[in-house]
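See below for the structure under consideration.
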Amino acid sequence: MTRTSDALDVVVHLLKERLPPPSATCEGSQVDFPGFQRRLKTFTSSRWLAISIDPRHLAAYGWESTSEGLLRCETCGEIWKLVLPDLHSDTGLYSACHKKALEMIEHSAHKPCCLWASCPCLKSFLSLPQTAVDATVTELEVNRLLSSSSAKMLPEVPEICDASLVQDMNDTQIERLEQFKRSFLERYQCEKQVRNAVLLVLSGWRLNEKNNGLMCEYCFRNMDFETLKVLKTGFDAFTAHRPWCSWVMDNTMTSPKCPKGYLLATAELLANKMEPNTTTRDLIGLL
Ligand SMILES: [Zn+2]
Ligand SMILES: [Zn+2]
């Protein structure tokens, strides 16, 4: 090998070091939902629950949380600490820092060669996929909870959750929801269990047979039945999600914003039980 080709090799090597891995094409990263979920799963420490930046937004721009609570870009490897002043100390300072933080997340905190600055994930990743809120899936999951050997272990869901679910419904919609619950009583006799199962499924909880409990596939919360049994005030199916979970948080990256998952699931369910011409979108407008 000549000295020139040696030098070229070094240049190529250095260029490769600066470039993102070959798999990180713009198209690939934008549509990689498992990759988005993998990064999102790292934002579980209390530090991220307290900060006013949505971890879904961070994951959509390639960031994951390190074990020390720092941000690391999955592709360019940049590491930094996101710090914001106290929200109530100085609102002017806070909003300036918040704006700067968003700009860094989306652009300047990445290395210049990094693709995430120009290719964030699809905005729809911050909403639940249709398969999660589909009316048929809701019915199936309620059946799964009620027919499992753990049906007797289902936690009591407090009345405040009924109130959250029906707060913007009209009388017809409330009656349709009651009809849906009654339809299970032909097969499962315990009215209380049916009510709890319907509320749990419509608010995003699924049976986790492996851990003998409930889980949310979008914020990765797991609750085993033994723990749930000792909850004195019942299981608040809404606040038990992580605050950024798509089941309880709007997707503000879309315009108009996409509603919370439990509203989508309820609207899908009611659309399924109503006239064929009634679309889910019409119902979301009503909710
Ligand atoms: Zn980067
Ligand atoms: Zn969740």
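Numbering (my numbering) for the sequence shown: 1 to 287. Ideal Cβ positions, reconstructed from N, Cα and C, are used throughout, including at glycine.
Might you give, ordered along the chain, the residues of its own chain that have their beta carbon closer than 8 Å to the beta carbon of residue i, omitting 5 neighbours on each side?
| i | result |
| --- | --- |
| R221 | M215, A240, H241, R242, C245 |
| L202 | T138, L165, Y262, A265, T266, L269 |
| D250 | K257, C258, P259, K260 |
| S118 | C26 |
Just to check, is the beta-carbon of residue i closer than 8 Å to a non-hydrogen atom of ligand 2?
| i | result |
| --- | --- |
| C161 | no |
| R39 | no |
| H57 | no |
| Y262 | no |
| G234 | no |
Within 10 Å of its beta-carbon, does residue i have 16 or more other beta-carbons around it, so buried, or fewer, so exposed?
| i | result |
| --- | --- |
| I79 | exposed |
| H110 | buried |
| N211 | exposed |
| G28 | exposed |
| F125 | buried |
| E226 | exposed |
| P55 | buried |
| N196 | buried |
| S89 | exposed |
| P34 | exposed |
| T172 | exposed |
| R47 | exposed |
| T91 | exposed |
| K127 | Checking the sequence, you will find Ser at residue 127 rather than Lys. Label assigned to S127: buried. |
| G77 | exposed |
| V142 | buried |
On the DSSP bridge assignment, give the partners of residue i in chain order.
| i | result |
| --- | --- |
| N222 | M215 |
| E64 | R72 |
| C258 | N251 |
| W116 | Answer is none; W116 lacks a bridge partner. |
| L207 | L214 |
| W80 | L71 |
Whose C-beta lies closer than 6 Å to the C-beta of residue i among residues of the same chain, with five residues either side of it excluded?
| i | result |
| --- | --- |
| S65 | T42, F43 |
| L200 | A237 |
| Y94 | P85, L87 |
| M153 | F225 |
| P120 | A60, Y61 |
| P155 | L228, F235 |
Does the beta-carbon of residue i, which I'm using as the reference point, lie nearer than 8 Å to any heavy atom of ligand 1?
| i | result |
| --- | --- |
| E78 | yes |
| G62 | yes |
| T42 | no |
| A117 | yes |
| C114 | yes |
| C97 | no |
| T75 | yes |
| H241 | no |
| K111 | yes |
Tell me, please, whether the CB atom of residue i is closer than 9 Å to any CB atom in chain C?
| i | result |
| --- | --- |
| V230 | Note that chain C does not occur in the displayed structure, where there is just one protein chain. |
Leaving out five residues on either side along the sequence, give the residues of the same chain with a beta carbon under 7 Å from the beta carbon of residue i.
| i | result |
| --- | --- |
| N208 | L214, M215, N222 |
| N272 | A135 |
| E74 | R39, G62, E64 |
Next on the checklist: Three Cβ pairs or more, each shorter than 8 Å: is that satisfied between the stretch 222–239 and the stretch 158–170?
Outcome noted: yes
Checklist entry - So, do the stretch 182–197 and the stretch 259–271 have three or more beta carbon pairs nearer to each other than 8 Å? => result no
Checklist entry - Would the stretch 92–102 and the stretch 136–151 be scored as touching if the rule is three or more Cβ pairs under 8 Å? => result no
Next on the checklist: Does the contact criterion of 3 or more C-beta pairs under 8 Å hold for the stretch 262–269 versus the stretch 129–138?
Outcome noted: yes
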